[in-house]
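Residue numbering for the sequence shown follows my numbering, starting at 7 and increasing by one per position. We treat Cβ as the ideally placed atom computed from N, Cα and C, and that holds for glycine. These notes are about the structure you will find just below.
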Amino acid sequence: MKILVTGGAGYIGSVAVEELIKAGKSVVVLDNLSLGHRAAVHPDAVLEIGDLADRAFIDRVLSKHTPDAVMHFAAKSLVGESMQDPCLYLGDNVTNGLNLLRSMAEHKISKFILSSTANLFDQPEHIPITEDERIIPGSPYGESKYFIERILHWFSTIYGIRYACLRYFNAAGASETRGEDHDPELHLIPIVLQVALGKRECVKVFGDDYDTIDGTCVRDYIHIIDLAQAHILALDALENGNCVYNLGNGAGYSVTQVIETARDITGHEIPAIMAPRRAGDPATLVGGSEKIKRELGWKPRYPELRAIIDSAWRWHQAHPNGYQAN
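Here is the structure:
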């Protein structure tokens, strides 16, 4: 089975490629390398460098490789940036996704896995968040993913494309060879570990007066390998029809818990300073995953925060400059 992975040079996509190859799949990576890294692409995968804004390029790749399915990770994914530049998200993310789907329909490729987001649920009524939660996107980024989910509904109805949408919050951790390397880095766990590596002076904690276990925000973290495995299970499940799954750890961890766990694992002090709340930050966001566990047998191998941070720390120690030459 041959899989086309868009965004396969990025953080989540590169680990998905790694797991697909371990599972015996043939993989083609499509990436423009604007955010991803050539060094993150598995050596057994074929890399096609180009942009989803270019329909002719997409058609050439599909004609050349004739994949059986597509996993779509390529997208702008920063909530804050989407609030400052909504056109970049409501425009580019949606248009590029539609370009890909139009080409798939023309080339008779009928299986599609969408890397969606739990940002579909801005102020959830229930925690953990289930698939039945009402959808009110929390940003133009979340809206762009919802648009693509709706487009998938119609492409399934009209063209017979079978799809799975996987909605999750914070991918974290690392495999033995692939980890998180963003510029700038905006995610909590790698920021905390950059402090331990001496690349930052401190970590900022945005608010300590929330209605949570210790006053700091509680968020969901899911190990990157467990996330990749969920995508593979969803791919196999398409034989039985379309599916939508939320992915989360079901409990959540506070900012303080993340910092304290990182201090214990790294042996570094990791100074933290309190900062004012950020506008729009809910106290608790945690996704549920009972449906995918029940229906597909998904069983996370690394559900605990300590295992997630430990894997990330080992990768960052081995790659203190990310994918650039150390």
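For Val-100, the three-state secondary structure derived from DSSP is helix. Counting other Cβ atoms within 10 Å of its Cβ, Asp-215 stays below 16 and is therefore classed as exposed. For Arg-283, there is no enclosing alpha helix (DSSP H), as DSSP marks it with neither H nor E.
Counting C-beta atoms within 10 angstroms of its own C-beta, Trp-160 has fewer than 16 neighbours from the protein chains shown and is therefore classed as exposed. Of the residues assessed, Gly-13 falls on the buried side of the cut-off, its CB having 16 or more other CB atoms within 10 angstroms.
Straight-line spacing of the CA atoms in Leu-104 and Gly-19 works out to 19 angstroms.
DSSP, read as helix, strand or coil, puts Ala-268 in helix.
As summarised for the region 188-272, the continuous beta strand (DSSP E) elements at least 3 residues long and confined to that stretch are 209-212, 227-229 and 249-253, given in chain order.
Sorting Phe-79, Lys-305, Thr-222 and Glu-182 by C-alpha distance to the C-alpha of Gly-254 places Lys-305 at the top. The beta carbon of Asp-98 lies closer than 8 angstroms to those of Ala-59 and Lys-82 in the same chain, with the five residues before and after it left out.
When DSSP reads this structure, Phe-118 sits in a beta bridge with Val-76 and Tyr-169. An exposed status is given to Thr-163, since fewer than 16 other beta-carbon atoms sit within 10 Å of its beta-carbon.
For Ile-135, the secondary structure class from DSSP, reduced to helix, strand or coil, is strand. Taking a C-beta distance under 8 angstroms as the contact criterion, Pro-196 and Ala-318 qualify as a contact pair. In the structure shown, Ser-295 adopts coil according to DSSP, grouped into three states. For Ala-324, the number of other beta carbons within 10 angstroms of its own is below 16, and it is reported as exposed. Here the alpha carbon of Gly-204 sits roughly 18 angstroms from the alpha carbon of Val-264. Within the model, the alpha-carbon separation for Val-209 versus Ser-295 is close to 30 angstroms. In the displayed model, Tyr-152 falls within a helix according to three-state DSSP. The distance from the Cβ of Leu-244 to that of Arg-168 is about 4 angstroms, consistent with a contact at the 8 angstroms cut-off.
DSSP, reduced to helix, strand and coil, places Ala-178 within a strand of the structure shown.
Boundaries of the beta strand (DSSP E) around Val-34: 32-37. Pairwise C-beta distances place the region 181-198 in contact with the region 20-28, as three or more of them are shorter than 8 angstroms. Linking Glu-112 to Leu-10 through their CA atoms gives a straight-line distance of about 16 angstroms. For the pair Asp-128 and Tyr-165, the Cα-to-Cα distance works out to about 31 angstroms. Excluding five sequence positions before and after Gly-328, the CB atoms of its chain that fall closer than 7 angstroms to its own CB belong to Asp-187, given in chain order.
Buried is the label assigned to His-48, since at least 16 other Cβ atoms lie within 10 Å of its Cβ. Under the DSSP assignment, Lys-8 falls in the beta strand (DSSP E) whose first and last residues are 8-12. In this structure, Ala-285 sits away from Val-224, with a CB-CB distance that is not shorter than 8 angstroms.
Membership of Leu-53 in the beta strand (DSSP E) is indicated by the continuous run 52-55.
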